[in-house]
Amino acid sequence: MNNKLKVLRAMHDWSQADLAERLDVSRQAVNAIETGKHDPSLPLAFRIARLFNLPIEEIFDDGHG
Amino acid sequence: MAMADPHSDSANDPREISSAAVMVRCIAASLIAMFVLGIALGFSGAVAERGEAPGPTGIAIFAVATIGGIAALVWLLLPLRYRRQRAAPSVRRSQRIFLISAALGAVTGLLAYFFSNPRHATTGAENFLLNPSPAVALLLIGALAVGMVLTVMWMVTIDEHERKAYDFGSNLAIHTYLMLGASWWIAARAELVPAVDGPLLFALVVCTWLAGWLWRRYR
Chain A
1 MNNKLKVLRA
11 MHDWSQADLA
21 ERLDVSRQAV
31 NAIETGKHDP
41 SLPLAFRIAR
51 LFNLPIEEIF
61 DDGHG
Chain B
1001 MAMADPHSDS
1011 ANDPREISSA
1021 AVMVRCIAAS
1031 LIAMFVLGIA
1041 LGFSGAVAER
1051 GEAPGPTGIA
1061 IFAVATIGGI
1071 AALVWLLLPL
1081 RYRRQRAAPS
1091 VRRSQRIFLI
1101 SAALGAVTGL
1111 LAYFFSNPRH
1121 ATTGAENFLL
1131 NPSPAVALLL
1141 IGALAVGMVL
1151 TVMWMVTIDE
1161 HERKAYDFGS
1171 NLAIHTYLML
1181 GASWWIAARA
1191 ELVPAVDGPL
1201 LFALVVCTWL
1211 AGWLWRRYR
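The listed protein sequences derive, respectively, from chains A and B. For the first sequence, the working numbering begins at 1 and goes up steadily by one. For the second sequence, the working numbering begins at 1001 and goes up steadily by one.
Next comes the structure, spelled out in structure tokens:
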């Protein structure tokens, strides 16, 4: 699944560790989501959306939208 | 708003090392520590067996191996002071539980070694793993029970990415066990190979689990 997490993180000038701390996950988890190696669960996707104040579908794209 | 390099990972300090590097260094340090401990035990055992002081060559080999081992330990462990300190609360909790488990394993191993039954003593490993006294066996089983509780505590603390990596490793391990255990047993029944070696099979399953878990976590 494609996502804009890396771009959004850069816009906020956050490192992967900064974002991981805000989402209460490991830095490896953030890296895996950004590189498309891990699709977040719905609860984590909602936490990400709330953090960036955006709808989930503006951050994640399954390629069928 | 300042734009950061999106590929950057907050490397404010170039000496900062990743958690993967921390883990590799800790594993390597444990192996070297066991090597140094083994040399010390072998050296003292040989001296006790012969009942005489070792010659200069023996002392020189012992000194070089010990000093070299300690130097390697310092070289491996000193950079850990630059490891990333910041982590999410749940990650810190899971790391704490992981460290407690490692400490439990180390203390149990040392206790089992020192309280082993001297009647069977040839080497430490043979003694407390292959011929444990009842007290040592109870100590090991107790440590395994505590370890299981710690594992459950750790599993409810880790994040979903870690959980998936751990599950992947365990899935790989159970399939390795089913495939290898059954094939080996059948081959042994057909007298193609020696009988199934339980400890070796256990070690292979644990190694597969660890390899799958770490690969999935850091790939």
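C-beta atoms are modelled at their ideal positions from N, C-alpha and C, and glycine is treated no differently.
For a Cβ distance threshold of 8 angstroms, residue set SER26, GLN28, ALA29 of chain A lies close to GLU1162/B, ordered along the chain. Shown here for TYR1218/B: same chain residues with a beta carbon closer than 8 angstroms to its own, the five before and five after excluded, namely ALA1020 in chain order. Residue range 1160-1189 is occupied by the alpha helix (DSSP H) that includes ASP1167/B. Following the DSSP letters along the chain, one finds TRP1213/B inside the alpha helix (DSSP H) bounded by residues 1198-1218. Excluding five sequence positions before and after ASN1171/B, the CB atoms of its chain that fall closer than 8 angstroms to its own CB belong to GLY1212, given in chain order. No Cβ of chain B is located within less than 8 angstroms of the beta carbon of GLU58/A.
For LEU1077/B, the closest C-alpha among the options GLY1109/B, ALA1028/B, ALA1060/B is that of ALA1028/B.
Counting C-beta pairs with one atom in each stretch, the stretch 42-60 of chain A and the stretch 23-32 of chain A have three or more that are closer than 8 angstroms, which means they touch. DSSP, read as helix, strand or coil, puts ASN31/A in helix.
For HIS64/A, not one C-beta of chain B is nearer than 8 angstroms to its own C-beta. Contact between the stretch 1096-1111 of chain B and the stretch 1144-1163 of chain B is present: three or more C-beta pairs spanning the two stretches fall below 8 angstroms. Look at PHE60/A here: in three-state DSSP terms it is strand. If you compare the alpha carbons of TRP1154/B, GLY1109/B, THR1151/B with that of PRO1132/B, the shortest gap goes to GLY1109/B. Per DSSP, the beta bridge partners of ASN2/A are ASP61/A.
TYR1218/B has a beta carbon lying within less than 8 angstroms of a beta carbon in chain A. The C-beta of ALA1088/B comes closer than 8 angstroms to at least one C-beta of chain A. With at least 16 other beta carbons inside 10 angstroms of its own, VAL1091/B counts as buried. TRP1184/B has its alpha-carbon roughly 10 angstroms from the corresponding atom of GLU1191/B. For THR1066/B, the enclosing alpha helix (DSSP H) begins and ends at 1056-1077. Three or more Cβ pairs closer than 8 angstroms define a contact, and the stretch 1188-1204 of chain B falls short of that threshold against the stretch 1156-1163 of chain B.
Contact check for LEU1080/B against ARG1025/B passes: the beta carbons are separated by less than 8 angstroms. Contact note: LEU44/A reaches chain B through GLU1160, using a C-beta cutoff of 7 angstroms and chain order.
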